[in-house]
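In numbering that gives the first Met the number 0, the protein residues as written are 0 to 566. Beta carbons are placed, not taken as given, at the ideal position from N, Cα and C, and that holds for glycine.
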Amino acid sequence: MSRVIEDRLNQLQQLKALGIEPFPSVTFPTTHTTKEILEQWEKNPEAFNKVALAGRLMVKRVMGKASFGVLQDSWGRIQLYFNRDILCPGEDKTLYNTVFKKLIAHGDIIGVEGRVFKTKTGEITIEVQRFVLLAKALRPLPMPKEKDGKVWDAFTDPEQRYRRRYVDLIVNPHVREIFRKRAKIIQTIRNFLIQQGFLEVETPILQPIYGGANAKPFVTYHNALGMRLYLRIANELYLKRLIVGGYDAVFEFAKDFRNEGIDKYHNPEFTQLEFYVAYKDYRWMMDFIERLLEYTAKAVVGTTSVTFQNQTIDFKRPWKRVSFYESIQLYTGLDAYSADEATLRRYLEEQAIEVPAYASKGVMLDLLFSKKVEPHLIQPTIVYDYPVEMSPLAKQKVDDPTLTERFEVICSGKELCNAFSELNDPIEQRKRFEAQLQLRRLGDEEAMVMDEDFIQALEFGMPPTAGLGLGIDRLTMLLTDSPSIQEVLFFPQMRPKQKADEESELSRVIGEEAVVAQLEAIGIRRVEDLLAIEPSVLQEKLQHRNIVVDLNQIRDWIRFAKRHLAT
RNA sequence: GACCCGGUAGCUCAGCUGGUAGAGCAGUGGCCUUUUAAGCCAAAGGUCCUGGGUUCGAAUCCCAGCCGGGUCACCA
């Protein structure tokens with residue numbers, strides 16, 4: 000590797016010797032993109048006798064006094080033709096023989112000017128009359144080659160692709176396309192909502208009390224306030240406060256954070272759209288989400304029907320609708336509505352589904368549904384009327400208080416949306432939170448916690464409201480036929496490549512390696528040691544080693560250390 | 001978290017019945033003025049993930065660890 004970089008550094012020096020700056024401070028005005036040329040040249044070749052475009056040189060094939068290259072810009076690739084006597088009409092052939100042939104390499108970013116023509120073999124090509132180096136590449140790119148749809152030496156190792164996504168984006172054009180579609184999905188939904196009169200809002204990511212979903216949070220610490228904060232697991236409770244505040248319809252594309260495992264459907268941070276509409280209910284919301292997703296699919300892929308992992312999924316409305324208990328009846332034959340806890344537990348155990356000891360009826364129904372029903376629901380399906388036990392923020396049905404006005408959209412066997420008529424009765428909401436607290440006491444770490452301020456907000460009166468959460472990452476997977484969430488996130492979470500033990504527990508708490516080294520020198524090697532020493536003594540000892548630290552800083556470390564040990 | 005698979009040149013991979021480390025592409029030098037996975041000739045390129053162990057000798061066998069992927073578990 001170092002050899003290749005050495006060669007390139009060498010090229011760098013030689014360029015400078017020729018008076019060519021390898022990283023010039025210039026603009027390069029372009030007249031076209033690769034895509035425009037490829038699409039429009041046939042129709043009107045005369046208009047392409049003088050074009051300028053810039054991009055990365057992806058392929059360089061030198062054939063003596065003429066060469067071919069491939070230029071890649073943001074939109075695609077086009078072939079370049081370099082001819083010695085066109086580039087160097089006079090005696091001096093340095094520009095071609097030395098600069099182009101020796102010093103410009105695969106991966107360099109260049110600007111070219113020239114005329115568009117078609118080669119003998121029928122490929123639209125730019126005859127380069129002038130080129131400039133815009134930025135030198137010191138590292139070599141992987142070089143996949145492609146012919147007739149077959150790819151050789153593809154850059155496929157997921158680890159490398161995700162860790163160095165920029166390389167992935169350079170050499171795998173379809174990856175760039177996925178993220179363009181992701182952007183289009185978000186823009187389409189945003190425009191749709193704005194057109195319907197929604198207000199786009201932003202709510203806190205750092206929350207003193209986390210809520211709105213069943214999940215384990217990330218914990219952090221605010222030094223000045225001296226308090227624990229959580230990264231939000233949802234923004235639901237804040238958006239509903241805004242409905243209390245008098246907005247009719249609000250939405251937020253929210254990054255949420257959940258401290259759980261990572262797999263092909265889960266990343267610690269993910270994007271969820273939530274929106275709330277006053278004076279509507281979940282029936283209205285069913286129609287609305289059908290319209291929204293049908294419209295989005297059409298806008299992004301052109302049709303309502305998409306292919307996802309060899310399944311055809313059609314977002315054309317109306318979608319199938321089935322009640323929660325009917326769906327269970329359908330796939331298990333079980334009358335879960337009438338069944339008591341013991342019956343459910345027995346059934347689950349018979350099906351070899353692990354049931355936690357603390358499992359309430361709600362938890363068991365959830366298990367039953369996700370194991371036995373969800374996997375069968377491939378086409379977008381609205382499952383409605385969820386049991387109250389599993390829906391602590393949803394309004395009960397008037398004619399059956401064991402059920403709530405809640406529905407989920409299941410698609411390709413996975414939850415895509417979750418929606419309900421929002422519970423706006425503060426007294427009932429308090430009871431539901433208390434039931435959650437009880438679950439928590441029994442060992443359900445994902446049960447919700449009490450949010451007094453939210454209840455107080457409801458006490459001021461919230462209109463009847465319909466709300467919905469939509470997993471943007473999952474929707475993107477569906478609409479781009481991506482098999483994992485990592486494929487639709489630019490930078491999915493990865494373990495650091497360095498050996499984990501290179502960074503000690505202590506350095507995770509302290510953060511500054513220089514300080515850690517001195518701490519270790521005075522015998523503080525573990526987080527526990529930090530707690531055992533008096534802050535002022537530590538300050539003095541560090542001072543002897545020429546490290547001046549504020550006493551508050553040391554107290555922060557100790558707080559952090561305590562938190563670290565507690566988790 | 002459990003199990004399975006993988007980690008060898010910049011990239012894709014072979015070598016894994018232990019005996020001096022291989023190919024294609026990329027890179028380097030040379031030839032070639034419409035090629036396209038360009039071609040031909042030549043030379044070069046490596047902590048075989050890390051650390052231990054077995055052995056005269058380990059990329060190869062054993063143990064531990066790290067990183068990734070897959071399946072399952074938990075979750076959206």
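So is residue i buried or exposed if we call it buried at 16+ other beta carbons inside 10 Å?
i	result
I242	buried
L224	exposed
E176	exposed
W151	exposed
G148	exposed
R179	exposed
D398	exposed
R345	exposed
R257	buried
V24	A small fix is needed here, since residue 24 is Ser in this sequence, not Val. Flag for S24 reads exposed.
D156	exposed
A16	exposed
P317	exposed
L550	exposed
H31	buried
A341	exposed
N417	buried
E273	buried
F167	Sequence inspection shows Asp at residue 167; the Phe mentioned does not correspond to that position. D167 is buried by the Cβ-count criterion.
S304	exposed
T566	Residue confidence is low: T566 scores 42 on pLDDT, short of 50, so the model does not pin down where it sits. Its coordinate-derived value is still stated next. When all chains shown are included, T566 counts as exposed.
E199	exposed
E501	For E501, the pLDDT reaches just 36, beneath the cut-off of 50, and the residue's location in the model is therefore unreliable, although a value from the coordinates is still provided. Per the 10 Å Cβ criterion, exposed.
T577	Any answer about residue 577 is impossible in this case: the structure gives the chain only from 0 up to 566.
A499	With a pLDDT of 35 at A499, under the threshold of 50, the predicted position of this residue should be treated as unreliable, though the coordinate-derived value follows. A499 should be labelled exposed.
R554	exposed
Q12	exposed
T311	exposed
How far does the alpha helix (DSSP H) with residue i in it extend, from its first residue to its last?
i	result
W151	Run containing W151: none in the alpha helix (DSSP H); it sits in the beta strand (DSSP E), K149 to W151.
L132	Element bounds for L132: not the alpha helix (DSSP H) but the beta strand (DSSP E), I123 to A134.
D84	R83 to L86
Y161	P157 to R162
N190	P172 to Q194
P491	Note, P491: premise wrong, no alpha helix (DSSP H); not H, not E.
V58	No alpha helix (DSSP H) holds V58; the beta strand (DSSP E) holding it covers V50 to M62.
Y111	One point to set straight first is that residue 111 is Val, not Tyr, in the sequence displayed. From DSSP, V111 is part of no alpha helix (DSSP H) but of the beta strand (DSSP E) over I108 to K117.
Q437	P425 to R440
Y95	No alpha helix (DSSP H) holds Y95; DSSP gives it neither H nor E.
E340	E340 to E349
I36	T33 to Q39
In this structure, what does DSSP give as the bridge partners for residue i?
i	result
R227	Y220
M447	Bridge partners of M447: none, in fact.
Q78	V69 and T124
A233	According to DSSP, A233 bridges with nothing at all.
S420	A465
I409	T380 and E414
L272	F252 and L469
L205	L230
P578	The structure shown does not extend to residue 578, since the chain spans only 0 to 566, so no value can be given for it.
L367	For L367, which the question treats as bridged, DSSP gives no partner whatsoever.
Residue i lies in the beta strand (DSSP E); which residues open and close that run?
i	result
V300	First-last for V300: Y281 to V300, but that is the alpha helix (DSSP H), not the beta strand (DSSP E).
S373	Contrary to the premise, residue 373 reads as Glu rather than Ser in this sequence. Note, E373: premise wrong, no beta strand (DSSP E); not H, not E.
S326	From DSSP, S326 is part of no beta strand (DSSP E) but of the alpha helix (DSSP H) over F323 to T331.
Q310	Q310 to D313
K146	K144 to K146
T26	It is not in any beta strand (DSSP E) - T26 carries neither H nor E in the DSSP assignment.
F307	S304 to F307
To the nearest whole angstrom, what separates the beta carbons of residue i and residue j, a pair I think is in contact under 8 Å?
i	j	result
T295	E251	17 Å between Cβ atoms; not a contact.
Y383	R320	6 Å
L230	L192	That belief does not hold up - the Cβ atoms of L230 and L192 are roughly 25 Å apart, past 8 Å.
K263	P482	7 Å
L70	T33	7 Å
L366	V354	7 Å
M461	K239	6 Å
P379	V387	With a Cβ gap of about 25 Å, P379 and V387 do not count as contacting.
Next item on the list: Could you tell me whether the stretch 401–409 touches the stretch 274–282, where touching means 3 or more Cβ pairs closer than 8 Å?
Entry: yes
Check: Are there three or more Cβ pairs, one per stretch, closer than 8 Å when the stretch 470–478 is compared with the stretch 160–172?
Finding: Remark: fewer than three beta-carbon pairs, one from each stretch, lie closer than 8 Å, so the stretch 470–478 and the stretch 160–172 are not flagged as touching.
Notebook entry, point to check: Does the stretch 459–467 come close enough to the stretch 408–425 to have 3 or more Cβ pairs within less than 8 Å?
Noted result: Yes, since at least three Cβ pairs between the stretch 459–467 and the stretch 408–425 fall closer than 8 Å, the two stretches touch.
Notebook entry, point to check: Are the stretch 28–48 and the stretch 101–119 in contact at 8 Å, needing three or more beta carbon pairs?
Noted result: yes
Notebook entry, point to check: At a cut of 8 Å, does the stretch 100–116 reach the stretch 54–64 through at least three beta carbon pairs?
Noted result: yes
Margin query: Would the stretch 204–218 count as touching the stretch 442–453 if we require 3 or more Cβ pairs under 8 Å?
Written below: Note that the stretch 204–218 touches the stretch 442–453; at least 3 beta-carbon pairs, one per stretch, sit closer than 8 Å.
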